[in-house]
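In my numbering, the protein residues as written are 10 to 164.
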């Protein structure tokens with residue numbers, strides 16, 4: 010199956026620099042987005058700008074399975090955008106894009122992804138609507154967690 014595009018749009022009352030700092034801190038994801046990110050371990054630090062940084066993730070959604078995958082930072086223009094390449098149980102590319110709209114951070118995530126997990130790969134075309142719903146659930150948890158993390162950092 011060819012990669013599919015999943016898109017997410019969030020808006021939060023924040024500066025994009027705050028949001029970028031939070032989203033870029035991969036090791037902290039299990040703390041504030043713990044419903045989805047079970048573990049995040051840096052396996053390669055990358056260069057001074059972070060390019061080449063590789064993070065091994067263990068994630069889950071509401072469906073009864075977990076995913077193990079690696080994200081590599083392949084492009085960055087902080088605080089406006091960064092691109093990751095995924096390998097493992099998820100294969101594809103994710104692009105975060107942040108813009109400032111007055112007091113609001115406008116956040117777009119485009120995730121062009123396919124399932125690499127051998128157990129799920131054969132049934133992906135049939136179950137894609139459930140996988141897409143699982144992604145929406147995970148991203149809703151992420152937005153709620155981001156709001157909590159912004160409040161925590163401002164306290």
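In this text, a Cβ means the ideal position worked out from N, Cα and C, and glycines have one as well.
Remember, it's a predicted structure, so these values are computed and weren't measured experimentally.
In summary, residue 29 is buried, with 16 or more beta-carbon neighbours lying within 10 Å of its beta-carbon over all protein chains present.
Counting only the Cα atoms, residue 124 lies some 9 Å from residue 131.
Residue 86 sits in a strand when the DSSP states are folded into three classes. Residue environment analysis places residue 107 among the buried positions, since at least 16 neighbouring C-beta atoms fall within 10 angstroms of its C-beta.
Residue 21 is a Cβ neighbour of residue 113, given a cutoff of 8 Å. Residue range 113–124 is occupied by the beta strand (DSSP E) that includes residue 120.
Counted as a single uninterrupted DSSP element, the alpha helix (DSSP H) harbouring residue 136 occupies residues 133–163. Note that the C-beta distance between residue 155 and residue 51 is not below 8 Å. Residue 44 and residue 126 do not touch by the CB rule: their CB atoms are close to 20 Å apart, not below 8 Å.
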